[in-house]
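Numbering (the working numbering), first residue to last: 642 to 809. Ideal placement from N, C-alpha and C gives every residue a C-beta, glycine not left out. Following: one structure in structure tokens, then a few remarks.
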């Protein structure tokens, strides 16, 4: 019984001493910043927007706010796996007063032009059509202050993949 107590005490001592006293070494070039701190740095420019689309026909944002009179950069990432012929996505920013439904119906017939009606006066800016794993980037000057609509013009997607583009 006495030997058992000695063994338990020794194991306890080893455990206690092995846990303390070590300094954590940081790897060179590695950052220990919290995820929220990194996100704040990336999103510090409100006119630099990343939006994703997936195979469930969803944008991750329903509202985008940018500053008027400045350059806007929209990065569209298709985080799904489906090909653009099956589940293609684009980002289309419409001018104020344009009917989203009317534009979406017209765009559905423009397959030869990646679902952007040829010669349309309704669009401020748009990305190319992309499939799973692809990314498209566009840059344009923010329009005047106001609320605009954005959508994916792939047939049938505009009913779900839409949102407000607010210029402040």
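Beta bridge pairing from DSSP links residue 790 with 805.
When rounded, the separation of the alpha-carbon atoms in residue 806 and residue 799 is 15 Å. Within the same chain, Cβ atoms closer than 6 Å to the Cβ of residue 714 are found at 689, 780, the five residues on either side in sequence being excluded.
According to the DSSP assignment, residue 694 belongs to no alpha helix (DSSP H) but to the beta strand (DSSP E) extending over 689-694.
Assignment of beta-bridge partners to residue 714 by DSSP yields 689, 780. According to DSSP, residue 766 shares a beta bridge with 734. Within the same chain, and ignoring the five residues on either side of residue 788 in sequence, the residues whose Cβ sits closer than 8 Å to its Cβ are 737, 805, 806, 807, 808. Separation of the CB atoms of residue 735 and residue 765 is rounded to 7 Å, and the pair is thereby assigned contact status at 8 Å. Secondary structure at residue 747: helix, using DSSP grouped into helix, strand and coil. DSSP places residue 727 within a helical segment (H, G or I) once states are collapsed to three. With respect to the 7 Å criterion, residue 773 and residue 708 are not classified as neighbours on the basis of their beta carbons. Nearest C-alpha to residue 801 among 717, 745, 699, 718: 699.
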